[in-house]
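Numbering (the numbering used here), first residue to last: 422 to 567. Worksheet: the structure to be examined is printed underneath.
Put into structure tokens, the structure is as follows:
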């Protein structure tokens, strides 16, 4: 969006609400930035505010974009956009991060498995084999209910 278009949209927005586009009150510019938040990305909003500031510099030498209210509003919009991006990344994940096994647990499990494999291979190298039982293991009988 070029600067002329951004300025024209701002003027139309102000006229629809009965506000003065030039010289614009910093509150007006901040409200316009919040209004743009629903339809535009942060960088586009910054460019629109810069276009408004440029018109003010040309015609009135008063820069509403440097007012603390406008800068705080732009920072708020940037923060919200970052949060929306983080939410999109979390929503795109197949599983929630809390449901996954932590790396420390995964390492200890992997180490345990590796130890078992090493002892089996060492036993096999020494010629030790686990023999199968010829008779079943004796199990105590359950007490009768009668």
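Glycine included, C-beta positions come from ideal geometry on N, C-alpha and C.
- For a cut-off of 8 Å, the C-beta gap from residue 454 to residue 470 is around 6 Å, short enough to register as a contact.
- Per DSSP, residue 437 is one residue of the alpha helix (DSSP H) stretching across 424 to 438.
- DSSP places residue 461 in the coil class of the three-state scheme, outside both helix and strand.
- Distance from the CA of residue 531 to the CA of residue 491, rounded to the nearest whole angstrom, comes to 54 Å.
- Apart from sequence neighbours up to five positions away, the residues of its chain that approach residue 465 with a beta-carbon distance below 7 Å are 422, ordered along the chain.
- Distances from the alpha-carbon of residue 493 to those of 562, 429, 447 and 559 put 447 closest.
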